Amino acid sequence: MQDKVFVDTNIFVYAKIESMKDLKNEKAIKFLRNIQSEIIISTQVLSEIYNTLSRYKILDSIIKTTLLEIIQDTTLSYISLETIQKSWDMEEKYKYSSL
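As numbered in the working numbering, residues 1 to 99 make up the sequence shown, in order.
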């Protein structure tokens with residue numbers, strides 16, 4: 001069974017925004033290129049990428065193409081009520097607070 005890794009919004013955003021040609025941009029690109037595991041993203045991540053890239057005045061057509069590329073290269077996970085409840089259980093078990 002192949003390992004899975006969840007990649008959050010900021011990694012994709014740092015890798016995409018050309019004006020961020022700095023250490024964050026380089027690290028994000030390198031990180032994505034070196035992942036050997038199955039990449040998992042959520043529908044929330046797609047929405048956040050769209051909104052963030054829009055704030056950087058990136059053309060809508062470019063954003064949509066980017067999102068389609070991400071979708072093709074990843075496994076999309078839908079956030080269900082069960083997933084949310086499991087996260088609450090983990091939060092309680094590991095004494096982690098998301099606030």
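Beta carbons are placed, not taken as given, at the ideal position from N, Cα and C, and that holds for glycine. On a predicted model such as this, the values are computed, not experimentally measured, just so you know.
Taking 8 Å as the threshold (C-beta atoms), are residue 68 and residue 49 in contact?
Not closer than 8 Å, so no.
Considering only their Cβ atoms, is the gap separating residue 35 from residue 13 smaller than 8 Å?
no
Hey, quick one: how far does the alpha helix (DSSP H) through residue 49 stretch, first residue to last?
43-55
Who are the Cβ neighbours of residue 32 in its own chain at under 6 Å, not counting the five residues just before and after it?
15
So what does DSSP say about residue 30, is it helix, strand or coil?
helix
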